[in-house]
Amino acid sequence: MIGHLYRYPHPMNPEKFLYVGQGPKRDRSHRSGRSAFGKRFRKQFPGIELPQPIREAVEVDSQLELNGLETVHMFQYHTWYGYGGMNYSLPGSKDYGNYSSAHRQALKDRMTKQRKNPAFVSKMLASFNEPGVRANRSKITKSRFLDPDYKTTIVAALRRAAEKPESKKAIVAALRRRNVIMNRTPEHAARGVAAMAKLREKPEFLSWVETHAPKLTHIRWHTNRGITKPDCRFCIEES
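Numbering (this note's numbering), first residue to last: 22 to 260.
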């Protein structure tokens, strides 16, 4: 098939280019201001006529190949908006999105299949629990949370996710499974006891407990059970 590529020179500097596109009859819509590029050009260069484009006919095997050539021209002639040009999207962006979605789905299916393989799971867990890997993962996590912007973004995302009903159900189910495992496995129980003992030694944790424990107790024993106590200040505030 024969494809048509065109590029518009910059109105102030003919050696530079503003926009790259494809199609044999797009100039009229650009020049009249009906297209997105035409509207942007009129807004950025009011009262200036759009220069005549440089056209090029190329022989390609498919529309996908023509999209690839247009992408090459966008970066070759610096018309991508990152260079100061007026191309704001890649040609065939919908196709790229479909390809990336299919690729993600293929990776997801492959991982689902691998997780059913006991040999793969055991190898992954062994690698995950290696001392060097655990230390590096902890180091990366701590460095990230030292950034206040990153921490704020993560906390906000977790709070939004926790408010969803399906998330609450999943959290409750996960906690129940975890409690079953910890109760049945002495190693997990001992690890949990040691972690809590270490946590109780921290002044900030004790301060947090003193501040939040009364409210959490009220939610557990009053709100969740639908009970109102006249001597509870939280019940009085809610009523």
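Positions of the beta carbon are idealized from the N, C-alpha and C atoms, including for glycine.
**Request:** Put residue 138 into one of helix, strand or coil per three-state DSSP.
**Result:** Start at 1 with the first residue of the sequence shown, and residue 138 comes out as number 117. In this structure, residue 138 counts as coil in the three-state DSSP scheme.
**Message:** Taking the alpha carbon of residue 74 as the reference point, which residue from 206, 225, 28 has its own alpha carbon closest?
**Reply:** As a position in the sequence shown, residue 74 is number 53, starting the count at 1. Of the candidates 206, 225, 28, the one whose C-alpha sits nearest the C-alpha of residue 74 is 28.
**Message:** Taking only three categories from DSSP, how would you classify residue 239?
**Reply:** By 1-based counting over the sequence shown, the position of residue 239 is 218. It is helical.
**Asked** Helix or strand or just coil, what does DSSP make of residue 23?
**Response** Counting from one through the sequence shown, the residue named residue 23 turns up at place 2. Note: residue 23 maps to strand in three-state DSSP.
**Asked** In this structure, does DSSP put residue 207 in helix, strand or coil?
**Response** For the purposes of this step, residue 207 is taken as the residue at position 186 of the sequence shown. Residue state, collapsed to three classes: helix.
**Request:** Taking 9 Å as the cut-off, decide whether the C-beta atoms of residue 20 and residue 78 are in contact.
**Result:** The chain is shown from 22 up to 260; residue 20 falls before or after that span and cannot be answered.
**Item:** Candidates 184, 221, 41, of which the one nearest residue 58 by Cα
**Value:** Here residue 58 corresponds to residue number 37 of the sequence shown, with the count starting at 1. The shortest C-alpha separation from residue 58 is found at 41.
**Request:** Assuming residue 94 contacts residue 26 (C-beta within less than 8 Å), just tell me the rounded distance between them.
**Result:** Counting from 1 along the sequence shown, the entry for residue 94 is found at position 73. Counting from 1 along the sequence shown, the entry for residue 26 is found at position 5. So it is a contact: roughly 6 Å between Cβ atoms.
**Prompt:** By DSSP, does residue 175 sit in helix, in strand, or in coil?
**Reply:** If you number the sequence shown from 1, residue 175 lands on position 154. Of the three classes helix, strand and coil, the one that applies to residue 175 here is helix, per DSSP.
**Request:** With DSSP collapsed to three states, give me the class of residue 193.
**Result:** Translated into positions along the sequence shown, residue 193 becomes position 172. Residue state, collapsed to three classes: helix.
**Message:** So the candidates are 32, 190, 164, 252; which of them puts its Cα closest to the Cα of residue 67?
**Reply:** Mapped onto the sequence shown, residue 67 falls at position 46. Cα-wise, what sits closest to residue 67 is 32.
**Request:** Classify residue 231 as buried or exposed, calling it buried when 16 or more other Cβ atoms lie within 10 Å of its own Cβ.
**Result:** For the purposes of this step, residue 231 is taken as residue 210 along the sequence shown, with counting starting at 1. Exposed is the call here.
**Request:** Tell me, please, which residues DSSP counts as bridged to residue 75.
**Result:** Here residue 75 corresponds to residue number 54 of the sequence shown, with the count starting at 1. According to DSSP, which records beta bridges pairwise, residue 75 is partnered with 28.
**Asked** Which class does residue 149 belong to by DSSP, given the choice of helix, strand or coil?
**Response** In the sequence shown, residue 149 corresponds to position 128, counting from 1. In this structure, residue 149 counts as helix in the three-state DSSP scheme.
**Prompt:** Under three-state DSSP, which class holds residue 111?
**Reply:** Position 90 of the sequence shown, counted from the start, is the residue given in the question as residue 111. Coil.
**Message:** Taking its Cβ as the centre, do 16 or more other Cβ atoms sit within 10 Å of residue 233, making it buried, or is it exposed?
**Reply:** Counted from its first residue, the sequence shown places residue 233 at position 212. Residue 233 should be labelled exposed.
**Helix, strand or coil at residue 58 [DSSP, three-state]** = For the purposes of this step, residue 58 is taken as the residue at position 37 of the sequence shown. Residue state, collapsed to three classes: helix.
**Prompt:** Where does the unbroken beta strand (DSSP E) through residue 38 begin, and where does it stop?
**Reply:** Stepping through the sequence shown from its first residue, residue 38 is reached at position 17. 38 to 43 is the extent of the beta strand (DSSP E) around residue 38.
**Asked** Which residues bound the alpha helix (DSSP H) around residue 51?
**Response** Position 30 of the sequence shown, counted from the first residue, corresponds to residue 51. Where residue 51 is concerned, the enclosing alpha helix (DSSP H) stretches over 48 to 53.
**Prompt:** Any idea if residue 100 is buried or exposed, counting beta-carbon neighbours within 10 angstroms, 16 or more meaning buried?
**Reply:** Residue numbering aside, residue 100 sits at position 79 when the sequence shown is read from its first letter. It is buried - the Cβ of residue 100 has at least 16 other Cβ atoms within 10 Å.
**Asked** Could you give the residue range of the alpha helix (DSSP H) that holds residue 253?
**Response** Taking the sequence shown and counting its residues from 1, the one referred to as residue 253 is at position 232. First-last for residue 253: undefined, no H or E at that position.
**Assigned secondary structure, residue 80 (DSSP; H/G/I helix, E/B strand, else coil)** = Residue numbering aside, residue 80 sits at position 59 when the sequence shown is read from its first letter. It is a strand residue.
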